[in-house]
Amino acid sequence: MQENNHERIVHAGDLELWAEESGDPEHPAVLLVMGAQAQGVQWPDGFVRRLVGGGRRVIRYDHRDTGRSSTVDFAAHPYAVADLAADALAVLDAFGAARAHLVGASLGGLIAQRLAVTHPERVLTLTSLSSQPLGTDTAGAVRRVMEGAPPRPGELPPPTPELLAALVSSFPGPGAPVEDYLAARLPLWRALHGPVLPFDEEEYRAMERRVHARARDLGAALNHTLAGAETMSTADLAAVTAPTLVVHGTEDPMFPPAHAEATAAAIPGARLVMIEGLGHTLPSAVHDRLAEEILRHTRRSQSGVSPPGTRARSAR
Numbered sequence: 001m002q003e004n005n006h007e008r009i010v011h012a013g014d015l016e017l018w019a020e021e022s023g024d025p026e027h028p029a030v031l032l033v034m035g036a037q038a039q040g041v042q043w044p045d046g047f048v049r050r051l052v053g054g055g056r057r058v059i060r061y062d063h064r065d066t067g068r069s070s071t072v073d074f075a076a077h078p079y080a081v082a083d084l085a086a087d088a089l090a091v092l093d094a095f096g097a098a099r100a101h102l103v104g105a106s107l108g109g110l111i112a113q114r115l116a117v118t119h120p121e122r123v124l125t126l127t128s129l130s131s132q133p134l135g136t137d138t139a140g141a142v143r144r145v146m147e148g149a150p151p152r153p154g155e156l157p158p159p160t161p162e163l164l165a166a167l168v169s170s171f172p173g174p175g176a177p178v179e180d181y182l183a184a185r186l187p188l189w190r191a192l193h194g195p196v197l198p199f200d201e202e203e204y205r206a207m208e209r210r211v212h213a214r215a216r217d218l219g220a221a222l223n224h225t226l227a228g229a230e231t232m233s234t235a236d237l238a239a240v241t242a243p244t245l246v247v248h249g250t251e252d253p254m255f256p257p258a259h260a261e262a263t264a265a266a267i268p269g270a271r272l273v274m275i276e277g278l279g280h281t282l283p284s285a286v287h288d289r290l291a292e293e294i295l296r297h298t299r300r301s302q303s304g305v306s307p308p309g310t311r312a313r314s315a316r
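Reminder that position 148 of the sequence shown reads as 148 in UniProt numbering, one-by-one numbering, no gaps.
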């Protein structure tokens with residue numbers, strides 16, 4: 001993908017995690033933490049290149065049960081979000097990164113938030129992308145929607161009905177040919193992408209072909225839906241001391257914008273940036289803007305200037 005690109009297998013207890021380092025090892029480390037059921041390579045190459053070009057050492061990795069990392073017999077060895085956070089620390093340790101800028105998307109945002117609370121000494125800055133506040137009961141909210149029950153008072157909005165419908169049929173049976181796999185996955189990506197930005201089907205096809213080719217066991221990723229509930233609460237975010245950036249799309253169907261607003265409100269001094277038209281994906285149309293925001297955020301930290309605790313809505 002680019003020069004100074006090194007893959008390695010990281011050991012996290014008995015597990016093997018695929019990881020990749022890009023850029024100059026002497027530059028500040030940025031750990032990219034992907035969402036549930038997603039491989040590290042779903043952080044787009046073009047986005048990684050922009051961060052590397054901005055003077056960052058970028059590390060991305062496959063969660064357990066995704067990509068080239070170990071798969072787990074969940075019935076025999078159940079795990080929780082806390083264990084996924086421990087995996088992230090194992091990756092940092094393997095690369096000798098005592099501290100890093102954490103950038104987490106979706107579930108990765110929760111993992112990064114958790115680490116900012118439990119291991120503040122490891123976190124230079126926190127960027128929570130297309131995520132929600134720590135301690136949010138999304139599974140319960142979805143269950144109530146499916147049962148036709150009313151939301152609880154003060155509950156953050158659940159995923160949109162259109163997205164929930166797409167999720168139901170988004171995983172084909174085991175061993176499905178790649179074309180059947182793509183046929184099942186593309187409607188989900190259309191729903192996640194949102195209705196505003198142009199949908200580049202070939203971009204998503206290429207990504208899913210790569211995911212299909214790399215996976216040890218595509219079905220293992222569903223274990224992430226079984227992972228134990230987060231034991232921490234939104235109130236715990238008041239302990240975050242790392243400069244924090246919350247980035248979210250105005251059209252996110254998984255976590256509507258209220259989730260981003262709640263996250264930013266819960267973290268002292270957090271800065272909120274809304275990207276117009278963005279859904280719950282990372283299309284090439286937003287790579288420049290997203291990289292620019294993260295580079296600016298991490299640069300402010302390096303210069304000793306914390307981002308202001310203001311709420312900013314972007315034009316595009």
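We treat Cβ as the ideally placed atom computed from N, Cα and C, and that holds for glycine.
Between the alpha carbons of residue 58 and residue 294 lies a distance of about 12 angstroms. If you look at residue 88, you'll find it in the alpha helix (DSSP H) that goes 81 to 94. For residue 125, no alpha helix (DSSP H) segment is defined; the enclosing uninterrupted segment is the beta strand (DSSP E) at 123 to 129.
Each of 218, 127, 196 was checked against the Cα of residue 276, and the nearest Cα belongs to 196. Residue pairing by DSSP places residue 32 opposite 60, 103 in a beta bridge. Per the coordinates, the alpha-carbon of residue 55 lies some 13 angstroms from the alpha-carbon of residue 297. Inclusion of residue 130 and residue 287 in the CB contact set at 7 angstroms is not warranted, their separation being larger than that value. If you ignore the 5 residues before and after residue 221, its C-beta comes within less than 6 angstroms of the C-beta of 37, 65, 66, all in its own chain and listed in chain order. If you check the CB distance, residue 32 and residue 43 come in under 7 angstroms. About 6 angstroms separates the CB atoms of residue 135 and residue 230; that is less than 8 angstroms, so the two are in contact.
Between residue 241 and residue 120, the gap from beta carbon to beta carbon is short of 7 angstroms.
Residue pairing by DSSP places residue 11 opposite 16 in a beta bridge.
Residue burial annotation: residue 62 is buried, with at least 16 other C-beta atoms found within 10 angstroms of its C-beta. In this structure residue 207 is buried. Its beta-carbon is surrounded by 16 or more other beta-carbon atoms within 10 angstroms. Beta bridge pairing from DSSP links residue 77 with no other residue. In the displayed model, residue 22 falls within a strand according to three-state DSSP. A straight line joining the alpha-carbon of residue 21 with that of residue 289 spans about 22 angstroms. In this structure, residue 251 sits near residue 194, with a CB-CB distance shorter than 7 angstroms.
With contact defined as three or more Cβ pairs closer than 8 angstroms, the region 163 to 173 and the region 261 to 270 are not in contact. In the structure shown, the three-state DSSP call for residue 280 is coil. Rounded to whole angstroms, residue 105 and residue 128 show a C-alpha spacing of 6 angstroms. Approximately 11 angstroms separates the beta-carbon atoms of residue 102 and residue 110; this is outside 8 angstroms, ruling out the contact.
Nearest Cα to residue 78 within the set 245, 292, 282, 225: 225.
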